[in-house]
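Residue numbers (our numbering): 351 to 524.
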């Protein structure tokens, strides 16, 4: 019971923060105007998703977000505290920086298993994003950071990704 209450409160806070970030984004400067050495964190949301194990590598998965929002929310760490949105296509393009590819970010995933209704909270390392704007899908390679493994595909409901910081270097991430 307590876990369910915590989930309800956490979900409510997420929606409140997301609403604030979305509303405040329109008053902000574009992401390219951030100050040098700013740490930027991202949030992506989708109506559904799928986590499919890679049979050739334990703990590796293909993570697909379906009906993903065409914009990715971002916010900066202290002391800057800037919020905004960036088109998901632009977010994926920024990811092509060699520094990000060599040290990909962590991601916390908050979702539920559609088969049994269980809540899923897991942390992965994300890499290789591929975005299909027409299908409204984004696919990542994901490597689990926990010992908990799944050997069967998971169909996910509403899914939120909290993507760890990228370091902004004036005009690019690194």
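We put the beta carbon where it would ideally sit given N, CA and C, even for glycine.
Coil, strand or helix - residue i by DSSP
| i | result |
| --- | --- |
| residue 486 | coil |
| residue 500 | coil |
| residue 460 | strand |
| residue 402 | strand |
Distance between beta carbons of residue j and residue i, contact taken as under 8 angstroms
| i | j | result |
| --- | --- | --- |
| residue 424 | residue 391 | 7 angstroms |
| residue 468 | residue 403 | Wrong, their Cβ atoms sit about 17 angstroms apart, outside the cutoff. |
| residue 419 | residue 395 | 5 angstroms |
| residue 488 | residue 415 | 5 angstroms |
| residue 494 | residue 474 | 6 angstroms |
| residue 451 | residue 483 | In fact, because the Cβ distance is near 22 angstroms, the residues do not count as touching under 8 angstroms. |
Status (buried if at least 16 other CB within 10 Å, exposed otherwise) for residue i
| i | result |
| --- | --- |
| residue 503 | exposed |
| residue 429 | exposed |
| residue 431 | exposed |
| residue 480 | exposed |
| residue 460 | buried |
Neighbourhood of residue i by C-beta, 7 angstroms cutoff - its chain only, sequence neighbours within 5 removed
| i | result |
| --- | --- |
| residue 412 | 402, 404, 489, 491 |
Close-in-space but distant-in-sequence residues of the same chain around residue i (CB under 6 angstroms, 5 per side omitted)
| i | result |
| --- | --- |
| residue 441 | 422 |
Contacting residues, own chain, Cβ-Cβ under 8 angstroms from residue i (five flanking each side not counted)
| i | result |
| --- | --- |
| residue 462 | 468, 469, 470, 506, 507, 508 |
| residue 465 | 504, 505 |
According to DSSP, residues forming a beta bridge with residue i
| i | result |
| --- | --- |
| residue 513 | 392, 457 |
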